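Trainee:
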Amino acid sequence: MSVTRITIAIFLLSACVLGQDKFFPLPSVEDPASLGVGVQRTMTLLATSTPEHRNKVRILFYGQSITVQDWTKKVTEDLRARFPNADLEIENRAIGGFASQALIRPAEHDLYPFYPDLLIFHVYGANGEYEQIIKNVRSRTTAEVLMQKDHVTKWPQEKPDEKADKGMWWDYMMNHVFLPKIATTYGCTLLDVRSAWLKYLKENKLEPKALLSDDVHLNDHGNYLLSEIIKRHLVYRPELPNESWKNLVRTYEVGKDVDWKDGKLVLEFEGNRVDAMASKGEGSAQVKIDGKKPSEFPECYRITRSQPGPWSPMFISRVDHEKPLVIEDWTLKVESVNTDGKTFKYSVKGSVTGEDGSGESDKPFTSNSGRVKLSKDYFFIPKAVTAGYESKWKVLPMFVDEYKASDAITTLAQGFPNGKHTLELTGQPPIKEIRIYNPPIK
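Numbering-wise (my numbering), the sequence shown opens with residue 389 and increments by one.
1) Can you check the region 409 to 459 for any alpha helix (DSSP H) of at least 4 residues that lies completely inside it and give the ranges in chain order?
2) Measuring only the C-alpha atoms, how far is Y512 from I677?
3) So, for Q545: in the same chain, excluding its five sequence neighbours on each side, which residues have a beta-carbon less than 6 Å away from its beta-carbon?
4) Do you know offhand how far S683's Cα is from A584's?
5) Got a sec? Which residues, its chain only, sit under 7 Å from N473 by beta carbon, not counting five neighbours each side?
6) Would you be able to state if there are at least three C-beta pairs under 8 Å between the region 527 to 539 and the region 547 to 556?
7) Over what stretch of residues does the alpha helix (DSSP H) that includes N826 continue unbroken?
8) Between E477 and the rest of its own chain, which residues show a CB-CB distance below 6 Å, the 5 nearest in sequence each way excluded?
9) Taking the DSSP output, what are the residues bridged to G715?
10) State yes or no: is the C-beta of T430 nearer than 7 Å to some heavy atom of the ligand ADP?
11) Ignoring anything shorter than 3 residues, give me the beta strand (DSSP E) runs that lie fully in the region 494 to 535, in order along the chain.
12) Kindly list the residues whose CB is nearer than 7 Å to the CB of I829, restricted to its own chain and excluding five residues on each side of it in sequence; keep chain order.
13) Are I492 and Q520 close, meaning C-beta to C-beta below 8 Å?
14) Applying the 10 Å Cβ sphere with the 16-neighbour rule, what's the burial state of D419?
15) Can you name the start and end residues of the alpha helix (DSSP H) that W585 belongs to?
16) Could I get the ranges of all uninterrupted beta strand (DSSP E) runs contained in the region 679 to 735, with 3 residues as the minimum, in chain order?
17) Based on DSSP bridge pairs, tell me the residues matched to I478.
18) Contact between the region 748 to 755 and the region 796 to 812 is defined here as three or more beta-carbon pairs at a separation below 8 Å; is this criterion met?
19) Measure the Cβ-Cβ separation of S705 and Y766 and say whether it is below 8 Å.
20) Comparing alpha-carbon positions, which option in L614, C576 and P827 lies nearest P415?
21) With a cut-off of 8 Å on the beta carbons, I'd call I822 and A664 a contact; round off their distance for me.
22) Would you mind giving the Cβ-Cβ distance between V533 and L567, rounded to the nearest angstrom? I have them listed as a contact below 8 Å.
23) Could you tell me the distance, in whole angstroms, from the CA atom of L606 to the CA atom of Q457?
24) Excluding five sequence neighbours on each side, which residues of the same chain lie with their C-beta closer than 8 Å to the C-beta of K820?
25) In the DSSP assignment, find the unbroken beta strand (DSSP E) run with N660 in it and report its ends.
26) Ordered along the chain, which non-local residues of its own chain (more than five positions away) have a Cβ less than 8 Å from that of P701?
27) Quick check: the Cα distance between P712 and G803, rounded to an integer number of angstroms?
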């Protein structure tokens with residue numbers, strides 16, 4: 389038995405033992421060879437971290453109410469315990485009640501700018517918007533994507549009839565047709581939560597409702613099971629092929645792969661993000677990409693999720709713009725509410741731009757400066773809104789025009805068009821490595 393297989397076996401055994409005091413252990417996996425597939429860039433970063441070299445790893449949970457639940461905390465705790473030397477940044481930005489056709493809007497602020505190494509994703513809803521989210525992730529980030537099939541809420545039918553039971557038919561189509569196709573098209577891993585769930589129910593003579601708190605949400609038992617299924621897949625397997633991920637992120641060693649010449653460092657690359665890792669010392673450099681400052685790329689600014697957030701009286705699920713942004717804070721203020729109680733008039737103001745026009749919630753709006761653009765569909769109003777209510781967001785940089793050497797990894801620029809570019813640094817600070825991120829879908 390190989391070292392890796394022994395490692396997997398030990399991990400699976402420990403997972404079973406940990407759950408035996410309260411719940412039935414996880415049944416054996418149908419296909420052990422599938423474990424870890426599609427997440428090996430992330431697992432390699434985690435497993436090769438040392439106290440002297442703590443790899444930075446970003447993991448994002450995203451979806452709706454199922455992904456808000458406690459299983460994500462159990463997975464997070466497990467990763468932190470297994471990989472104490474990794475510099476882990478793990479966030480859960482899931483939004484309860486937001487199916488794919490709603491989630492696609494705040495994903496613009498929550499998901500792509502975060503630029504995770506691993507996205508753990510589950511959402512119900514329309515397959516078209518689901519696919520668009522995945523396409524965006526794979527074309528705008530280098531994230532590995534762990535998609536999940538749905539857990540079991542009712543005993544599935546082998547070939548459900550759309551006319552007889554549209555819900556069961558759609559359940560079948562998503563899990564057996566649409567999700568597999570999306571995963572294959574965009575090079576993601578589709579974790580078969582469903583088969584493992586069914587096996588667990590049958591082996592332990594349980595009904596689907598035994599793992600649920602209502603018709604769909606998980607109780608403690610369900611959270612335990614889903615966390616164990618996810619944890620089991622997040623295993624390091626260096627013997628697996630690396631062709632799908634080895635060139636997503638490339639590291640150039642300064643002095644070996646690229647070097648300073650007359651106080652300048654020039655690197656031709658392909659991708660949409662550049663990081664710099666400093667060596668010991670101080671200094672700074674002016675940053676240019678294709679002869680422009682990073683601040684001159686409109687795509688290198690991000691807009692934060694508006695606050696108050698989802699399920700407040702009024703949530704702006706997405707904010708667009710027509711003209712280039714500047715770093716500033718924005719406020720949308722409800723000026724008056726119409727007699728129907730559902731629509732309102734508002735004004736917008738930027739901390740740099742100033743007063744920037746007014747609009748109505750049931751009509752498209754573009755501010756005077758072009759720095760705010762809102763569709764009527766972007767307003768999510770679950771409760772009565774009153775005059776004076778305010779929603780706020782920020783415009784933040786995903787760049788530095790001047791790099792200053794520090795102990796931390798510095799993102800020089802992120803979000804510019806994914807393609808061929810030229811990086812130019814002027815000033816010769818102590819830089820050890822340049823890291824280029826090249827999303828797989830163009």
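All C-beta atoms in this analysis are idealised placements derived from N, C-alpha and C, irrespective of residue type, glycine included.
None of the values given here were measured: they were computed from a predicted structure.
Mentor: By the coordinates alone:
1) 428 to 435 and 453 to 456
2) As a position in the sequence shown, residue 512 is number 124, starting the count at 1. As a position in the sequence shown, residue 677 is number 289, starting the count at 1. Their backbone Cα atoms lie some 40 Å apart in a straight line.
3) Here residue 545 refers to the residue found at position 157 of the sequence shown. Cβ within range, chain order: M556.
4) Numbered from its first residue, the sequence shown carries residue 683 at position 295. Numbered from its first residue, the sequence shown carries residue 584 at position 196. Each residue's Cα considered, the two are about 48 Å apart.
5) Here residue 473 corresponds to residue number 85 of the sequence shown, with the count starting at 1. Within the same chain, N473 has close Cβ partners S437, T438, P439 and R442.
6) no
7) On the sequence shown, position 438 is the one that residue 826 refers to. No alpha helix (DSSP H) holds N826; DSSP gives it neither H nor E.
8) Residue 477 sits at position 89 when you count from the first residue of the sequence shown. Only R446 meet the Cβ criterion.
9) Counted from its first residue, the sequence shown places residue 715 at position 327. A small correction: the amino acid at residue 715 is Ile; Gly does not occupy that position in the sequence shown. The partner list for I715 (beta bridge, DSSP) is empty, contrary to what the question assumes.
10) With respect to the ligand ADP, the structure offers nothing, as it holds no ligand at all.
11) 506 to 510
12) The sequence position of residue 829 within the sequence shown is 441, counting from 1. Around I829: K523, R526, S527 and Y574.
13) In the sequence shown, counting from the first residue as 1, residue 492 sits at position 104. In the sequence shown, counting from the first residue as 1, residue 520 sits at position 132. Against a cut-off of 8 Å, the Cβ pair of Q520 and I492 comes out as a contact.
14) Within the sequence shown, numbered from 1, the residue matching residue 419 stands at position 31. Counting Cβ neighbours within 10 Å, D419 comes out exposed, since fewer than 16 surround it.
15) As a first step, residue 585 must be located in the sequence shown, where it is residue number 197. In the DSSP annotation of this structure, the continuous segment of the alpha helix (DSSP H) that includes W585 starts and ends at V581 to E591.
16) 689 to 691 and 716 to 725
17) By 1-based counting over the sequence shown, the position of residue 478 is 90. DSSP lists I447 as the beta-bridge partner residues of I478.
18) no
19) Along the sequence shown, read from residue 1 onward, the residue named residue 705 stands at position 317. Along the sequence shown, read from residue 1 onward, the residue named residue 766 stands at position 378. Yes.
20) Here the question's residue 415 lines up with position 27 in the sequence shown. Selected option, being the one with the closest Cα: L614.
21) For the purposes of this step, residue 822 is taken as residue 434 along the sequence shown, with counting starting at 1. For the purposes of this step, residue 664 is taken as residue 276 along the sequence shown, with counting starting at 1. Sure, about 6 Å apart at Cβ, within 8 Å.
22) As a first step, residue 533 is located in the sequence shown; it is residue number 145 there, counting from the start. As a first step, residue 567 is located in the sequence shown; it is residue number 179 there, counting from the start. Between L567 and V533 the Cβ distance is about 12 Å, and since that is not below 8 Å, they are no contact.
23) Numbered from its first residue, the sequence shown carries residue 606 at position 218. Numbered from its first residue, the sequence shown carries residue 457 at position 69. The straight-line gap from Cα to Cα measures roughly 8 Å.
24) Here residue 820 is taken as the residue at index 432 of the sequence shown, counted from 1. Taken in chain order, the residues that qualify are E641, V642, M665, A666 and S667.
25) Taking the sequence shown and counting its residues from 1, one reaches residue 660 at position 272. N660 -> beta strand (DSSP E) spans K652 to A666.
26) For this step, residue 701 is matched to residue 313 along the sequence shown. Taken in chain order, the residues that qualify are I769, P770, K771, A772, V773, T774 and Y777.
27) As a first step, residue 712 is located in the sequence shown; it is residue number 324 there, counting from the start. As a first step, residue 803 is located in the sequence shown; it is residue number 415 there, counting from the start. Rounded to whole angstroms, P712 to G803 spans 14 Å at the Cα level.
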